[in-house]
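Asker: A single structure is presented below for examination.
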Amino acid sequence: MTSQAKVYVAVIASFSEDGNLFPRRLRWEDGREYSIEKILDVRPAAALKAGGQGDRYTVQINGHQSYLSFERSPNISGTNLGKWFVERK
-8 MTSQAKVYVA VIASFSEDGN LFPRRLRWED GREYSIEKIL DVRPAAALKA GGQGDRYTVQ
52 INGHQSYLSF ERSPNISGTN LGKWFVERK
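The sequence shown lines up with residues -8 to 80 when you count with the numbering used here.
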């Protein structure tokens, strides 16, 4: 297991009709999958421990509040819109 502050995770997400991005499930580095029960807040913000700028989603998973960040790709064309990460505790 790595000690890096950013843990990039696979996320299943959906877009609303007006283009908003909503994460629905994430897969942790050990393969466990978690459903996102609620999205409590979304805002542009830096990762508190790992640094970097992006969109910070405050989410509820298994009744606990957590942060899930979306780091946007600098390339504005193509299918790679960005990467999701969680800060290691």
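Even for Gly, the Cβ is constructed at its ideal location relative to N, Cα and C.
Do you know how far the Cα of residue 59 is from the Cα of residue 74?
Answerer: 11 Å
Asker: Please list the terminal residues of the continuous beta strand (DSSP E) segment that includes residue 35.
Answerer: Run containing residue 35: 29 to 37, per the beta strand (DSSP E) assignment.
Asker: Have a look at residue 37 and residue 62 and give me their C-alpha separation to the nearest angstrom.
Answerer: 10 Å
Asker: Just to confirm before moving on: does the CB-CB distance between residue -2 and residue 14 stay below 8 Å?
Answerer: no
Asker: When the Cα atoms are used, what is the spatial distance from residue 9 to residue 47?
Answerer: 19 Å
Asker: DSSP three-state label for residue 70, please.
Answerer: coil
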